Every structure is written in structure tokens, then in C-alpha cells.
Amino acid sequence: MIKIYGLKNCDTCRKAMKWLENEKIDYLFHDFRKNELSGDTIINWIEKVSSEQLLNRRGTTWRNLSENEKGLVVSDRIVDLLIKYPSLIKRPVFIFEKNILVGFKEDTQNILKNFRRIV
Numbered sequence: 010m011i012k013i014y015g016l017k018n019c020d021t022c023r024k025a026m027k028w029l030e031n032e033k034i035d036y037l038f039h040d041f042r043k044n045e046l047s048g049d050t051i052i053n054w055i056e057k058v059s060s061e062q063l064l065n066r067r068g069t070t071w072r073n074l075s076e077n078e079k080g081l082v083v084s085d086r087i088v089d090l091l092i093k094y095p096s097l098i099k100r101p102v103f104i105f106e107k108n109i110l111v112g113f114k115e116d117t118q119n120i121l122k123n124f125r126r127i128v
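Quick note: to get our numbering, add 9 to the position in the sequence shown (first position is 1).
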């Protein structure tokens, strides 16, 4: 089963969940604003996809950060920053088997369709 991490009110997350339902792909949703992510989870994600791929620099949360906070993204303190501001995580994050996908573009959809065929 696929686990989706994101925010309930995120348009992209809602679009992804609707797409999964239309494709009849089972999933569990984890709202990381309601249920805080652990540092270990974030470290695991960064090890698999890199902090740059995981970081959402396009949202208002990023724009509202101080320059000091923005400087944390190039240090080992990025995990603390992502725990404090979960909306800085690019969404949605898909976890299945040992794979992780970030975002919801066409290539992500193709991978998810292929995963469904394997299961």
C-alpha cells in the first residue's frame, strides 16, 4: 500500500488522492501538520531524495523565513527546520516499499501506475 504524506488543505495533495482513487490504488494519508513527522523520518527521506528535492522554496512559508532560517537548509539543522515548518516539505511525498517520490508530476503518476501492476 502507498502512504502519502502531505497537508490536507494542499491542492496538489488533494489532486493526487483523487487521482489515486480514480486509478483504484489504495493509500493511507498522513497529514504532517496534524501528526508531526519524526526527525528520523525526515533524515530517511533526505538520504533517499536529497534535501534540495524535498524542500519547497516556492511557498509563502519559505518567503516568510528570516535569512538566518533560510541559511539552515545548507546545514545539518535542516531537519529541525522541516519539523518546525512542515509546509516547507514539497508535497505530496509518496512512500511505497522502499521507494520515495516527491511531488505529483506525470512521471510520478506513471511510476505509481506501474507499482499498482506489480502489487
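All residues carry an ideal CB built from backbone N, CA and C; glycine is no exception.
Every value quoted in this text rests on a predicted model; they were computed, and no experiment measured them.
Rounded to a whole number of angstroms, what is the C-alpha to C-alpha distance between residue i and residue j?
{"i": "valine 128", "j": "glycine 80", "result": "Because the pLDDT at valine 128 is just 49, under 50, the model does not fix this residue reliably, and the value given afterwards should be weighed accordingly. Rounded to the nearest angstrom, the two C-alpha atoms are 42 angstroms apart."}
{"i": "glycine 68", "j": "lysine 114", "result": "17 angstroms"}
{"i": "asparagine 123", "j": "glutamate 78", "result": "39 angstroms"}
{"i": "valine 83", "j": "isoleucine 55", "result": "12 angstroms"}
{"i": "aspartate 20", "j": "aspartate 35", "result": "19 angstroms"}
{"i": "arginine 42", "j": "glycine 48", "result": "14 angstroms"}
{"i": "proline 101", "j": "arginine 72", "result": "20 angstroms"}
{"i": "serine 96", "j": "glutamate 32", "result": "27 angstroms"}
{"i": "asparagine 53", "j": "alanine 25", "result": "22 angstroms"}
{"i": "tyrosine 94", "j": "aspartate 116", "result": "27 angstroms"}
{"i": "threonine 70", "j": "asparagine 18", "result": "15 angstroms"}
{"i": "lysine 27", "j": "isoleucine 109", "result": "19 angstroms"}
{"i": "glutamate 76", "j": "glutamine 62", "result": "20 angstroms"}
{"i": "asparagine 65", "j": "aspartate 85", "result": "17 angstroms"}
Find the nearest neighbour of residue i within the set the options, judged by alpha-carbon distance.
{"i": "cysteine 22", "options": "Gln118, Asn123, Lys122 and Trp71", "result": "Gln118"}
{"i": "leucine 90", "options": "Leu74, Glu56 and Asp35", "result": "Leu74"}
{"i": "leucine 16", "options": "Lys33, Phe38 and Lys93", "result": "Phe38"}
{"i": "methionine 10", "options": "Lys24, Leu63, Thr70 and Lys107", "result": "Lys107"}
{"i": "aspartate 40", "options": "Val58, Asn31, Ile52 and Lys12", "result": "Lys12"}
{"i": "valine 58", "options": "Val111, Ile120, Asp116 and Leu121", "result": "Val111"}
Checking the sheet assignment: what are the DSSP bridge partners for residue i?
{"i": "aspartate 40", "result": "Gly15"}
{"i": "valine 111", "result": "Val102"}
{"i": "leucine 64", "result": "Ile98"}
Is the beta carbon of residue i less than 9 angstroms from the beta carbon of residue j?
{"i": "isoleucine 98", "j": "leucine 29", "result": "no"}
{"i": "isoleucine 51", "j": "isoleucine 92", "result": "yes"}
What is the C-beta distance between residue i and residue j, in whole angstroms, given that I count them as a contact (C-beta under 8 angstroms)?
{"i": "serine 60", "j": "isoleucine 87", "result": "5 angstroms"}
Using 9 angstroms as the limit for Cβ to Cβ distance, is residue i near chain B?
{"i": "leucine 37", "result": "As a matter of chain content, chain B is missing from the structure shown, which is built from one protein chain."}
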